[in-house]
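Chains as they are written, first to last, in the numbering used here: chain A, -1 to 189; chain B, -1 to 189. Glycine residues also receive a C-beta, built at the ideal position from the N, C-alpha and C atoms. Here is the structure we will look at.
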DNA sequence: ATCCTTTGACTGAACGGTCGGTCAATAAAA
DNA sequence: TTTTATTGACCGACCGTTCAGTCAAAGGAT
């Protein structure tokens, strides 16, 4: 009744699935979500177009999977526990990690940034993003509160806006943007 | 032997052209450049699809015109003269103006931001942008140099990254982002 | 007044091409 | 034979773009 074992199939599917995701990330990051075609992704993944639809129900589903994986990756990297109280060292480490993500994984981060202003995907983006970043936000404003800022929430918003700006510029001009120096300035200012 | 006068035609064309540009800005800002179709723009402008091509050679040309107009608008608003030496008041005014652009003209600025990560248009964008923003950059780093920063260029890059981040967040969450408070914090920090 | 000619803005059907998505047929393994 | 991954021809929809033709307006001629 069963040719290959369930396990064999599962492993096969897992690998193929990942190959497709990797290819999609590359193509999306290089061409942008809308300009990237399913055929391009299939070719990049060395797979037929049809097979894509055996693994994902739609092009959009591929995108959402990628974004979800990205957020999970970030959460795991930062290891923020809800309600965590930040020491100065921890705060500095978080700045360091956050900026490094953009530098070390430009593809993933470019994709994420490029979606921020694509109105038809932004709601879906926010939906999966918000619950995962709120603990981070909370700890941040708590940190600023402890530092004596009169409006910790505003400080937190300014801080995270600055961080995003730095990531953005680091991505758009990776050869000239002085990441390390800027990182030090961010730390000087906020920590 | 003569139909409408030259002048009549010119005025007519000027109005229609602007109507098309306004419609295009709306549609581009709401749907993003790639998702927006020429038909959508035509409908928004109350004009036939064909007429669009009487006024602009291509969809891309419409976009480039919009972007160019935006930059001219910004240059005129900031009134930076090449080589200008900034006083503290002037520097503060520039911060104020820059952030206000994003708040007061969200459509235009959203469009501009959404293009930053659309790889096939970015080169064209940079081409028309760079010569117009370099005077600004120069004056900035000169200001930081005068303030005694040891690396004025890095400071300038950090500063403009922060500004972009603030504009970005102000656009993405206009209802909750505390623009005025953040503006004061930017001034406190950099001026 | 009435025609007639000339102009260029304007329309909408149509074009070649590409898109996301489907599906019948096949390959391969047990 | 059964099961499941895999293929690529194929579909309808829509894309940006083109173009043959329509139309209102204005002035000269009658």
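Residue range of the unbroken alpha helix (DSSP H) whose run includes residue i
i: residue 160 of chain A; result: 150 to 170
i: residue 63 of chain A; result: 57 to 76
Beta-carbon contacts of residue i that lie in its chain and below 6 angstroms, excluding the five residues immediately before and after
i: residue 150 of chain A; result: 139, 142 and 143
i: residue 265 of chain A; result: With chain A covering only -1 through 189, there is no way to say anything about residue 265 of chain A.
i: residue 122 of chain B; result: none
i: residue 188 of chain B; result: 157
i: residue 108 of chain B; result: 27 and 169
i: residue 181 of chain B; result: 97
Own chain partners of residue i with C-beta closer than 8 angstroms, once the 5 adjacent residues on each side are dropped
i: residue 29 of chain B; result: 38
i: residue 95 of chain A; result: 75 and 76
Three-state class that DSSP yields for residue i in the structure shown
i: residue 142 of chain A; result: helix
i: residue 116 of chain A; result: coil
i: residue 82 of chain B; result: coil
i: residue 189 of chain A; result: coil
i: residue 14 of chain A; result: helix
i: residue 43 of chain A; result: coil
i: residue 8 of chain A; result: helix
i: residue 176 of chain B; result: coil
i: residue 33 of chain A; result: coil
i: residue 3 of chain B; result: coil
i: residue 125 of chain B; result: helix
i: residue 87 of chain B; result: helix
i: residue 147 of chain A; result: coil
i: residue 26 of chain A; result: helix
i: residue 54 of chain B; result: coil
Distance between residue j and residue i (C-alpha atoms, nearest Å)
i: residue 46 of chain B; j: residue 129 of chain B; result: 36 angstroms
i: residue 82 of chain B; j: residue 179 of chain B; result: 28 angstroms
i: residue 190 of chain B; j: residue 14 of chain B; result: Only positions -1 to 189 of chain B appear in the structure, and residue 190 of chain B is not among them; the question remains open.
i: residue 85 of chain A; j: residue 161 of chain A; result: 19 angstroms
i: residue 185 of chain B; j: residue 102 of chain B; result: 19 angstroms
i: residue 79 of chain B; j: residue 136 of chain B; result: 11 angstroms
i: residue 18 of chain A; j: residue 50 of chain A; result: 7 angstroms
i: residue 110 of chain A; j: residue 87 of chain B; result: 37 angstroms
i: residue 55 of chain B; j: residue 113 of chain A; result: 28 angstroms
i: residue 16 of chain A; j: residue 33 of chain A; result: 22 angstroms
i: residue 166 of chain B; j: residue 177 of chain B; result: 11 angstroms
i: residue 63 of chain B; j: residue 125 of chain B; result: 13 angstroms
i: residue 147 of chain B; j: residue 183 of chain B; result: 19 angstroms
i: residue 21 of chain A; j: residue 35 of chain B; result: 27 angstroms
i: residue 53 of chain A; j: residue 67 of chain A; result: 16 angstroms
i: residue 120 of chain B; j: residue 127 of chain B; result: 10 angstroms
i: residue 75 of chain B; j: residue 57 of chain A; result: 42 angstroms
i: residue 93 of chain B; j: residue 59 of chain A; result: 41 angstroms
i: residue 163 of chain B; j: residue 8 of chain A; result: 43 angstroms
i: residue 132 of chain A; j: residue 168 of chain B; result: 18 angstroms
i: residue 172 of chain B; j: residue 117 of chain A; result: 15 angstroms
i: residue 100 of chain A; j: residue 72 of chain A; result: 11 angstroms
i: residue 12 of chain B; j: residue 4 of chain B; result: 12 angstroms
i: residue 155 of chain A; j: residue 159 of chain B; result: 15 angstroms
i: residue 175 of chain A; j: residue 40 of chain A; result: 34 angstroms
i: residue 65 of chain B; j: residue 152 of chain B; result: 27 angstroms
i: residue 31 of chain A; j: residue 61 of chain A; result: 8 angstroms
i: residue 44 of chain A; j: residue 134 of chain B; result: 47 angstroms
i: residue 145 of chain B; j: residue 10 of chain B; result: 53 angstroms
i: residue 247 of chain B; j: residue 69 of chain A; result: Since the first residue shown for chain B is -1 and the last is 189, residue 247 of chain B is missing from the structure and cannot be characterised.
7 angstroms Cβ shell around residue i - same chain, five flanking residues per side excluded
i: residue -1 of chain A; result: Low confidence applies to residue -1 of chain A: its pLDDT is 33, below 50, so where it sits in the model is not reliable, and the reading given next is rough at best. Taken in chain order, the list of residues that qualify is empty.
i: residue 90 of chain A; result: 185 and 189
i: residue 42 of chain B; result: 21, 24 and 25
> Just by C-beta distance, which residues in the region 107 to 141 of chain B are closer than 7 angstroms to chain A?
Replying inline: 108, 111, 112, 114, 115, 116, 117 and 118
Point to revise | Near-chain A residues of the region 2 to 33 of chain B (beta-carbon distance less than 9 angstroms), N- to C-terminal order | key: 27, 28, 29, 30, 31, 32 and 33
Practice item. Using a Cβ-Cβ cut-off of less than 8 angstroms, list which residues of the region 144 to 162 of chain A approach chain B; keep chain order. Key: 149, 151, 152, 153, 155, 156, 158, 159, 160, 161 and 162
Pull out every residue of the region 168 to 181 of chain A whose Cβ sits closer than 7 angstroms to any Cβ of chain B, in chain order. 170, 175, 176, 179 and 180
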